[in-house]
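A.B. asks: Shown below is the structure under consideration.
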């Protein structure tokens, strides 16, 4: 069995200069000859597990994937709707901790700034997406999910967003990115805003469940 899907930004029509084509390969066949840099590779059994768990990635595929090749039937269509997402609180806490740990690392040394800023971008994006997956009728999987919340939008300086986003892209795709000193100063001015955003959502979480 082999199914190939396109998913993410291209499917939702959010294409910009930073976009790439996300491809998912679901197969129970031998994959050593497959380029793992080109595909996210999963077995059918693992995808089933994610759907049963109500994992955010399963919901991402449910909302934002289109089949481009199948050796038989559409595997994801056959799975139906993922189970309810029940791990919101633990995931929010997990991504807040990732943010906290990254800030500590930045304050401790400048040896891994690109990685640390990449982790901060991952933390705020995934935190926002998990929040919408639990509380919104239509969850937001956008790269900029954090600023698209209708109740708790996180609005950052455009240069700070560039710093975080380009650090993430540099970290995942191996693209060179030189951090400007000005952007570091601007980020330091935004840290408290980001911290408060995390805390406000966490503090109000219990009243929403």
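Numbering (the numbering used here), first residue to last: 588 to 796. Every residue, glycine too, gets a C-beta built ideally from N, C-alpha and C.
Under 8 Å: do the region 711–727 and the region 666–682 share three or more Cβ pairs, one atom per stretch?
C.D. replies: Flag = yes, the region 711–727 and the region 666–682 touch.
A.B. asks: What does the alpha-carbon distance come out to for the pair residue 780 and residue 733?
C.D. replies: Within the chain shown, numbered from 1, the residue matching residue 780 stands at position 193. Within the chain shown, numbered from 1, the residue matching residue 733 stands at position 146. Cα to Cα, residue 780 sits roughly 13 Å from residue 733.
A.B. asks: What are the start and end residues of each continuous alpha helix (DSSP H) run of 4 or more residues lying completely inside the region 692–732, in chain order?
C.D. replies: List check, alpha helix (DSSP H) in window: 700–722.
A.B. asks: Using 9 Å as the threshold, is the C-beta distance between residue 658 and residue 594 below it?
C.D. replies: As a first step, residue 658 must be located in the chain shown, where it is residue number 71. As a first step, residue 594 must be located in the chain shown, where it is residue number 7. Not closer than 9 Å, so no.
A.B. asks: Using a Cβ-Cβ cutoff of less than 6 Å, which residues in the same chain neighbour residue 768 once the five nearest sequence positions on both sides are dropped?
C.D. replies: As a position in the chain shown, residue 768 is number 181, starting the count at 1. Once the five neighbours on either side are set aside, residue 768 has no close Cβ partner at all.
A.B. asks: Can you tell me the Cα-Cα spacing of residue 670 and residue 697, whole angstroms?
C.D. replies: Here residue 670 corresponds to residue number 83 of the chain shown, with the count starting at 1. Here residue 697 corresponds to residue number 110 of the chain shown, with the count starting at 1. Their Cα atoms are separated by approximately 42 Å.
A.B. asks: Considering only the beta carbon of each residue, do residue 646 and residue 736 sit closer than 9 Å?
C.D. replies: Here residue 646 refers to the residue found at position 59 of the chain shown. Here residue 736 refers to the residue found at position 149 of the chain shown. No, Cβ-Cβ distance for residue 646 and residue 736 is not below 9 Å.
A.B. asks: On the DSSP bridge list, what partners appear for residue 612?
C.D. replies: Reading the chain shown from its first residue, position 25 is the one you call residue 612. For residue 612, which the question treats as bridged, DSSP gives the partners 591 and 628.
A.B. asks: Please confirm if the region 757–767 is in contact with the region 781–796, defined as three or more CB-CB distances below 8 Å between the two stretches.
C.D. replies: Short answer: they don't touch.
A.B. asks: How about residue 615 and residue 632: are their beta carbons less than 9 Å apart?
C.D. replies: On the chain shown, residue 615 is found 28 positions in, with the first residue counted as 1. On the chain shown, residue 632 is found 45 positions in, with the first residue counted as 1. Yes, the pair counts as a contact, with Cβ atoms nearer than the cut-off.
A.B. asks: Using 10 angstroms around the beta-carbon of residue 716, count the other beta-carbons present and answer buried if the total reaches 16, otherwise exposed.
C.D. replies: For this step, residue 716 is matched to residue 129 along the chain shown. With 16 or more other Cβ atoms within 10 Å, it is buried.
A.B. asks: State the start and end residues of the unbroken beta strand (DSSP E) segment that holds residue 656.
C.D. replies: Locating residue 656 in the chain shown gives position 69, where the first residue counts as 1. From DSSP, the beta strand (DSSP E) with residue 656 extends over 652–657.
A.B. asks: Measure the CB-CB distance between residue 702 and residue 758 and report whether it falls below 9 Å.
C.D. replies: Translated into the one-based positions of the chain shown, residue 702 becomes position 115. Translated into the one-based positions of the chain shown, residue 758 becomes position 171. Yes, the pair counts as a contact, with Cβ atoms nearer than the cut-off.
A.B. asks: Closest to residue 612 by CA distance: which of 602, 754, 600 and 628 is it?
C.D. replies: Translated into the one-based positions of the chain shown, residue 612 becomes position 25. It is 628 whose Cα lies nearest to the Cα of residue 612.
A.B. asks: Name the two residues that bound the continuous alpha helix (DSSP H) containing residue 597.
C.D. replies: The count along the chain shown starts at 1 and reaches residue 597 at position 10. Looking at the DSSP string, the run of the alpha helix (DSSP H) that includes residue 597 is 596–599.
A.B. asks: Under 8 Å Cβ to Cβ from residue 788, same chain only, skipping five residues before and after it: list those, please.
C.D. replies: Counting from one through the chain shown, the residue named residue 788 turns up at place 201. For residue 788, where only same-chain residues beyond five positions count, the Cβ hits under 8 Å are 679, 714, 718 and 739.
A.B. asks: Using three-state DSSP, classify residue 785 as helix, strand or coil.
C.D. replies: Residue mapping note: residue 785 aligns to position 198 of the chain shown, counting from 1. Here residue 785 sits in helix by DSSP.
A.B. asks: Pop quiz: residue 723 and residue 654 are said to be a contact at Cβ under 8 Å. What is the actual Cβ separation, rounded to whole angstroms?
C.D. replies: Along the chain shown, read from residue 1 onward, the residue named residue 723 stands at position 136. Along the chain shown, read from residue 1 onward, the residue named residue 654 stands at position 67. That belief does not hold up - the Cβ atoms of residue 723 and residue 654 are roughly 26 Å apart, past 8 Å.
A.B. asks: Where does residue 791 sit, in a helix, a strand or coil, going by DSSP?
C.D. replies: Stepping through the chain shown from its first residue, residue 791 is reached at position 204. The answer is helix: DSSP assigns residue 791 an H, G or I state.
A.B. asks: Using CA atoms only, rank isn't needed, just tell me which of 599, 588 and 590 is closest to residue 725.
C.D. replies: Position 138 of the chain shown, counted from the first residue, corresponds to residue 725. Residue 599 is the option with its Cα nearest to residue 725.
A.B. asks: Only counting the same chain, and skipping five residues up and downstream in sequence, which positions put a Cβ closer than 6 Å to that of residue 754?
C.D. replies: The residue given as residue 754 occupies position 167 in the chain shown. Counting only Cβ-Cβ distances below 6 Å, and skipping sequence neighbours, we find 701, 704 and 705.
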